[in-house]
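Structure record follows, encoded as structure tokens.
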Amino acid sequence: MCGIIGLLLADENKHVNQLLFDGLTVLQHRGQDAAGIVTSEHRRLHLRKNNGLVKDVFQAHHMSELRGHLGIGHCRYPTAGTSSAAEAQPLYTNYPHGICVAHNGNLTNTAELATMVREDIG
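At position 10 of the sequence shown the residue is numbered 9 (numbering that gives the first Met the number 0), and the sequence of numbers has no breaks.
Shown next, in the form of structure tokens:
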């Protein structure tokens, strides 16, 4: 069981960081092991995630770095894997162009999904 929030602001000059933080705080009961936020500003991703409660993972200096008008937030309750910060979400990869994703549950068809993504991206 996890909490996931995604937001896109119509005004590209506003920042979504505080809204994501507030949303994760409300969803904290869905997962108290780890929290993460990724935002996008001018096609650049800004990511912060770690073990702990939302209020402990995001300090003022972290929030100021999470700029952009769109983003994803995730709070984790581990049902599989470990309680390592490496398993905190959103997950990021820079191949082939950079992508972030957050999910709730176990992905049982990862090979099929990877093939679909490769075919769509080319």
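A virtual CB, placed ideally from N, CA and C, is assigned to each residue, including glycine. Source: prediction; values computed, not measured.
Residue i versus the options, residue with shortest Cα-Cα distance
i: Leu69; options: Ile120, Gln31, Leu26 and Leu44; result: Leu44
i: Lys54; options: Glu64, Ala85, Ala84 and Gly22; result: Gly22
i: Ile4; options: Leu19, Glu118, Thr92 and His61; result: Leu19
i: His123; options: Leu7, Pro77 and Ile120; result: Absent from the model: residue 123. The displayed extent of the chain is 0 to 121, so no value can be given.
i: Ala59; options: Ile120, Asn93, Gly104 and Asn16; result: Asn16
i: His61; options: Asn105, Lys48 and Ile71; result: Lys48
Beta-carbon proximity of residue i to residue j, cut-off 8 Å
i: Arg75; j: Gly30; result: yes
i: His96; j: Cys1; result: no
i: Asn50; j: Ala9; result: no
i: Tyr91; j: Leu26; result: no
i: Cys99; j: Val37; result: yes
i: Ala33; j: Ala84; result: yes
Residue i, DSSP secondary structure in three states
i: Arg75; result: strand
i: Gly22; result: helix
i: Leu112; result: helix
i: Asn16; result: helix
Residues sharing a beta bridge with residue i, DSSP
i: Val100; result: Leu90
i: Ile36; result: Arg47 and Gly72
i: Gly2; result: Cys74
i: Leu7; result: Leu69
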